[in-house]
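Residue numbers (the working numbering), protein chains in the order written: chain A, 1005 to 1305; chain B, 5 to 325.
Where is the CB? At the ideal position from N, CA and C, for every residue including glycine.
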């Protein structure tokens, strides 16, 4: 019972971070049909910026989000303006060209981090990094709780923007039916720029959060990129509730396998990958696909 | 123009044979340092041309080829530690890599385009994690070949011969029905399927062939360095350079990967000796990738063709033919 409670709580906490990480990828994919491989590099860079703000100005990592979010939004817009926008327009499926282009951006970001901060492993140690509290009879690290809080807030904000503003409606419209949305007069270029900025900002929130939990190097972020990719595939690529569900499933699998099976934690990263392959092969539509199948099966029986 | 003594089809082959002969005889007149450079270029050519069979001809971009180098290198080292002659392990390396390529390909080739690419990143990551976690790979400290009589000239000759063979093979493949099928898959997989091409089988075939060739190169790599570790042979950066070489040169062309490998290997050798640039090679790789993707996705070969076409069109330019 205690163990179950532990697994469930840890799942929830991890899922918040995973969802934040994945929305940045999902929103860019939805609007622009681009798989942003630079996402990993942006998360890594945000971790380093947080680190720099902490060591240089003693700014609390969570407080530094006030600087990091606008900074990375701007970076995303500039990246779109000077690099991504030059790609030929795509409709439908993402192109190899865009994937490899953003792969190049990722490498440049990595080298930037090597040049500025060397390849040494860094970590952020705040007074509360090692503190923990007891919640529902489970000991939980304070940073994990704070990260969950940040994730919850940013997801609420995203939900508000998507549901209640013109911008959000435009993003959802382009995601659902690109041609129809563009025909009804949405400024695709401006929307793409904002989307890329927002996706980058979400990568930065995830990166700052990760920096309070893990040590990092310029090579940081690859396994998290794979996790995020696994989640959006699981969530059905375009569905926003699907992404949240995907994050919960992956987080639960990781925690459950760590708690109840003898699989060493060093193989944990392989879980998301295995799940990714299984999902892509068995249910390419992800969780929404399964939900539809179940609904059809119940209707027919 | 006087009639050529050899036809246009045999001339490239003659040039190729002559260049091959010179390279194979190079140990007679080149010093060890230059031979090392040639060895590196040959290694790069094998990787780039083999990758090009799947990534270029069939258009299935994989960023996970270091797994095959690792499989080849480990097969050789592990068997050598059991007392088998290293060069006798090459066929087994090729076979194991081909089997692994098919096993990975069975699920992965159900995916198209970028989705396939992402899965290959996952595969290489999983293989690396697995290889550093299990004990028979020597963990992070790696394994050393048994001390024996290592002969660089044999290794050099094998590597150069394999590179030449791979170039010849890709040239032959590109003109074969197999190559035509791969080209059809690249251009329009649905149309290819409609014409009766079993795309999965052809993709699996291309994957297996290229994986086997890369694994043999990996074996020769292990023999040359007498040492193998998960951090070196399963490195993501190795996967990366395998992709970059053909992309810089020209994906899907015959000359592209060779050109890319020569430029890339040469750059790498030169860069590694300049301390100031040693730490900025990712800038260069990433920058090249960005430039190629934005301005000429067909790489140097594409650029060359474009230049040649504009020279031919302009009235001042003399016709090449």
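DSSP has residue 1136/A in a bridge; who is on the other side?
Answer by DSSP bridge pairing, in chain order: 1145/A.
Short of 7 Å in beta carbon distance, which residues of its chain neighbour residue 1011/A, apart from the five on each side in sequence? Order them along the chain.
Result list for residue 1011/A: 1259, 1260 and 1263, in chain order.
Contact with chain B by residue 1147/A, beta-carbon distance below 8 Å:
When Cβ-Cβ separations below 8 Å define contact, residue 1147/A makes no contact with chain B.
Give the secondary structure of residue 1286/A by DSSP, where H, G and I count as helix, E and B as strand, and everything else as coil.
Residue 1286/A falls in the helix class under three-state DSSP.
List, in chain order, every chain A residue whose beta-carbon is nearer than 7 Å to that of residue 1/B.
In the structure displayed, chain B extends from 5 to 325; residue 1/B sits before or after that span and is not available.
DSSP beta-bridge partners of residue 147/B:
Under the DSSP definition of a beta bridge, residue 147/B partners with 232/B.
DSSP on residue 1220/A, reduced to helix/strand/coil?
Looking at residue 1220/A - three-state DSSP - the assignment turns out to be strand.
Tell me the DSSP bridge mates of residue 1126/A?
Looking at the DSSP output, residue 1126/A shares a beta bridge with 1220/A.
Which bits of chain A does residue 298/B rub up against, with CB to CB less than 7 Å?
Correct list: 1090 and 1105.
Going along the region 1240-1266 of chain A in order, which residues come within less than 8 Å of chain B, judged by CB to CB distance?
Of all residues in the region 1240-1266 of chain A, none has a Cβ within less than 8 Å of some Cβ in chain B.
Residue 133/B: contacting residues in chain A (beta-carbon distance under 8 Å)
Residues of chain A passing the Cβ test: 1270, 1271, 1273 and 1274.
Give me the residue from 1156/A, 1226/A, 1175/A and 1223/A with the minimum Cα distance to residue 1201/A.
Across the set 1156/A, 1226/A, 1175/A and 1223/A, the C-alpha of 1175/A shows the shortest separation from the C-alpha of residue 1201/A.
Residues of chain B with a CB under 8 Å from the CB of residue 1342/A: which are they?
The structure shown has nothing for residue 1342/A, since chain A only spans 1005 to 1305.
Does the region 52-70 of chain B touch the region 109-120 of chain B, meaning 3 or more C-beta pairs lie closer than 8 Å?
Yes: at least three Cβ pairs fall under 8 Å.
For residue 65/B, decide whether its Cβ has a neighbour in chain A, counting only Cβ atoms nearer than 8 Å.
Interface residue, yes.
Drop a sphere of 10 angstroms on the beta-carbon of residue 1110/A, count the other beta-carbons inside from all chains shown, and report buried for 16 or more, exposed for fewer.
With 16 or more other Cβ atoms inside 10 Å of its own Cβ, residue 1110/A counts as buried.
Under 8 Å between C-beta atoms, does residue 119/B make it to chain A?
Taking Cβ atoms only, chain A reaches closer than 8 Å to residue 119/B, which makes this a yes.
Is the beta carbon of residue 1225/A sitting closer than 8 Å to the one on residue 1292/A?
At a Cβ-Cβ threshold of 8 Å, residue 1225/A and residue 1292/A do not count as neighbours.
Quick check on the burial criterion: 16 or more other C-beta atoms within 10 angstroms. Buried or exposed for residue 1181/A?
It is exposed - the Cβ of residue 1181/A has fewer than 16 other Cβ atoms within 10 Å.
Neighbourhood of residue 1123/A by C-beta, 7 Å cutoff - its chain only, sequence neighbours within 5 removed
Sequence-distant partners of residue 1123/A (beyond 5 residues in either direction) whose C-beta falls short of 7 Å from its own C-beta, in its chain, are 1221 and 1222.
Once DSSP output is grouped into helix, strand and coil, what is the label at residue 222/B?
Note: residue 222/B maps to helix in three-state DSSP.
Per DSSP, what kind of secondary structure is residue 1165/A in: helix, strand or coil?
In the structure shown, the three-state DSSP call for residue 1165/A is helix.
For residue 321/B, name the three-state secondary structure that DSSP assigns.
Because the pLDDT at residue 321/B is just 49, under 50, the model does not fix this residue reliably, and the point stays unresolved.
Cut-off 6 Å between Cβ atoms - residues of its own chain near residue 1195/A, not counting five sequence neighbours on either side
The residues are 1174.
Give a yes or no on whether 8 Å exceeds the smallest Cβ distance from residue 1292/A to chain B.
No, its Cβ sits nowhere closer than 8 Å to a Cβ of chain B.
Going by the beta-carbon positions, is the gap between residue 285/B and residue 275/B smaller than 8 Å?
Yes, the pair counts as a contact, with Cβ atoms nearer than the cut-off.
Would residue 1106/A and residue 1038/A be called neighbours here (beta carbons separated by less than 8 Å)?
A distance below 8 Å separates the beta carbons of residue 1106/A and residue 1038/A.
Measuring CB to CB, does residue 1236/A end up less than 8 Å from residue 1029/A?
For residue 1236/A and residue 1029/A, yes; Cβs fall inside 8 Å.
Closer than 8 Å to chain B by CB, residue 1108/A:
At a cut-off of 8 Å between beta-carbon atoms, residue 1108/A makes contact with chain B.
Please give the ranges of any alpha helix (DSSP H) in the region 1209-1283 of chain A, keeping only runs that are unbroken, at least 4 residues long and fully inside the region.
For the region 1209-1283 of chain A, whole alpha helix (DSSP H) runs of length 4 or above, ordered along the chain, are 1226-1238 and 1244-1264.
Would you mind listing the alpha helix (DSSP H) stretches within the region 1056-1101 of chain A that are 4+ residues and don't spill past its ends, in chain order?
For the region 1056-1101 of chain A, whole alpha helix (DSSP H) runs of length 4 or above, ordered along the chain, are 1069-1086.
Span separating the alpha-carbon of residue 1275/A from that of residue 1257/A:
Using only the alpha carbons, I get a separation of about 8 Å.
Using the beta-carbon of each residue, which ones in chain B are nearer than 8 Å to residue 1226/A?
Result: 125, 129 and 240.
Find the residues of chain B that neighbour residue 951/A, judging by a C-beta separation of less than 9 Å, and give them in chain order.
With chain A covering 1005 to 1305 only, the question about residue 951/A has no answer from this structure.
Which residues of the region 1068-1086 of chain A have a Cβ closer than 8 Å to any Cβ of chain B? Give them in chain order.
Cβ contacts with chain B: none found.
Give the range of the alpha helix (DSSP H) segment to which residue 238/B is assigned.
Looking at the DSSP string, residue 238/B is not in any alpha helix (DSSP H), and its letter there is neither H nor E.
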